[in-house]
Amino acid sequence: MDLSAPLTIVLVFFSVICHEIAHGYTAYRLGDPTAYRMGRLTFNPLPHIDIFGTIILPVLLKIMGSSVLLAWARPVPVDPRYFRRPRTGMMWVSIAGPGANLALAAVFAVVAHLLSGFAPVFVPRALAWTALINVVLAVFNLFPVPPLDGSRIVARFLRGPVLMRYLSLEPYGMFIVFGLLYLGIFSKVADPALNLAIRVLDLGRLLSAV
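Listed below in structure tokens is the structure:
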């Protein structure tokens, strides 16, 4: 029985939790105790489960035959009023999530190589797939579509009416995201990033291991 798929799911869930903890911890370091006070700086999965992002979306993508697995945890609360420079603080909080995913991609890839040849083959394969999925999660979250992290980074450099119009897209953000997924636009951006990650992290052999 191939156990790489269930192990990958567990590791991806761990990854999206780390993504949110990175947001919350960065906010905490910048002076916002909100996530800490609400018990969100924890690896306990229960406070982080988002019914749509953690459960429904991955199932929908599987049904749609998508080659990309996306998921997210319940966003940690952030109150920029605690920051000395609110817009800059929000930018760093937003960068922290995708940054955590890229760091996890590197860690999972290194561990996969270290275990290759020693552990059962499904273990390094699951780690390699999880490394790639973390790259996908980073790229996805950096898309400049409100409320994704990339939009908070872009917003740091906008002013006045342009900023207001940009942020007004947020109620429609998920529709835009699904449009990008359905039209294959996200894949056109993610695929080159995945190919680069496979080469840089040397994952090809691990992904094809039988």
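Count along the sequence shown from 1, add 69, and you get the number used in this note's numbering.
For each residue, glycine too, the CB sits at the ideal point set by N, CA and C.
Keep in mind the model is a prediction, meaning the values are calculated, not measured.
For residue i, count the other beta carbons within 10 Å of its own beta carbon; 16 or more makes it buried, fewer makes it exposed. Which is it?
{"i": "M159", "result": "buried"}
{"i": "R234", "result": "exposed"}
{"i": "A193", "result": "Reading the sequence as shown, one finds Pro at residue 193 and not Ala. When all chains shown are included, P193 counts as buried."}
{"i": "R106", "result": "exposed"}
{"i": "N113", "result": "exposed"}
{"i": "I124", "result": "exposed"}
{"i": "D148", "result": "exposed"}
{"i": "L196", "result": "buried"}
{"i": "F49", "result": "Residue 49 is absent from the structure shown; the chain starts at 70 and stops at 279."}
Let's see if you can read the secondary structure: which residues bound the alpha helix (DSSP H) around residue i?
{"i": "F152", "result": "It is not in any alpha helix (DSSP H) - F152 carries neither H nor E in the DSSP assignment."}
{"i": "L115", "result": "Taken as a continuous stretch (DSSP letters only), L115 belongs to no alpha helix (DSSP H), as it is neither H nor E."}
{"i": "M243", "result": "G242 to Y251"}
{"i": "L280", "result": "This structure cannot settle anything about residue 280, because the visible part of the chain is limited to 70 through 279."}
For my contact list, residue i and residue j are in at a C-beta cut-off of 8 Å; report their separation, rounded to the angstrom.
{"i": "D218", "j": "G166", "result": "5 Å"}
{"i": "A207", "j": "L171", "result": "5 Å"}
{"i": "W141", "j": "V85", "result": "5 Å"}
What does a CB cutoff of less than 8 Å around residue i pick up in its chain, not counting 5 residues either side in sequence?
{"i": "W198", "result": "S73, T77 and L276"}
{"i": "L201", "result": "A174, L263, A266, I267, L272 and L276"}
For residue i, which residues in the same chain have their Cβ closer than 7 Å to its Cβ, ignoring the five residues on either side in sequence?
{"i": "I90", "result": "L110"}
{"i": "V87", "result": "In the sequence on display, residue 87 carries Cys and not Val. A169 and L173."}
{"i": "L211", "result": "P167, D218 and G219"}
Among the residues of its own chain, which have a CB less than 6 Å from the CB of residue i, if the five just before and after it don't count?
{"i": "P213", "result": "G219, S220 and V223"}
{"i": "L304", "result": "What the structure shows of the chain is the stretch from 70 to 279, and residue 304 is not part of that stretch, so it cannot be assessed."}
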